[in-house]
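The structure is reproduced here in structure tokens:
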């Protein structure tokens, strides 16, 4: 979650710096049209230099980059993605949070990005394989159902043959149920 805030802060710094590069016009008051009071704004260098006391103080302003090796709070080089080594080495540069340097940030972002790509790839592969497996299983189920129906049909044929043979033997020896002269008496 901190990385999310870090990336959002980086985008905010870029936006703030691009807005701060726009020239400012002097403010005019409606009461005294003859007097013009210019609006004084500090440059990013001045703002960051004013927060040189600690890393936490420096990083409260999103425009600033804290270099741990020399303890300086300098404006973030907005034109570049990573601060050049002339400003501060990556393992000493802090931006957004004091506990994470740029070197660790690059590694962690690479790992997280790689994991996201792997997860998406695995999900896509699983979805594609599941569709193929469903078709494959449907074909196998159909094949098994056909075999089951064939076995059942053959079993019924054998059963009918056995019944015919037993009936033939019963007729031969006079054991048919229809030839029985005795009937069960039912009370009506």
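Numbering (our numbering), first residue to last: 5 to 192.
Yeah, the Cβ is synthetic: ideal placement off N, Cα and C, and Gly gets one too.
The structure presented is a predicted model; accordingly, all values stated were derived computationally and were not measured.
Secondary structure note for residue 92: it is in no alpha helix (DSSP H), with a DSSP letter that is neither H nor E. Annotation for residue 107: 94 and 95 place their beta carbon closer than 6 Å to its own, counting only its chain and skipping 5 residues before and after.
In the structure shown, residue 160 adopts helical secondary structure according to DSSP, grouped into three states. By the neighbour-count definition (other C-beta atoms within 10 Å, threshold 16), residue 164 is an exposed residue. Considered as a whole, the region 101-179 harbours 106-177 as its complete alpha helix (DSSP H) runs of no fewer than 4 residues, in chain order. In the three-state reduction of the DSSP assignment, residue 86 falls in the coil class.
If you compare the alpha carbons of 91, 76 and 77 with that of residue 83, the shortest gap goes to 91. Classified as buried, residue 105 has 16 or more neighbouring CB atoms from the shown chains inside 10 Å of its CB. Beta-bridge annotation (DSSP): residue 76 is paired with 71. Here residue 109 is buried: its Cβ has 16 or more other Cβ atoms, across all protein chains shown, within 10 Å.
Looking from the CA of residue 66, the closest CA among 74, 129, 55 and 190 belongs to 55. Here the alpha carbon of residue 141 sits roughly 20 Å from the alpha carbon of residue 154.
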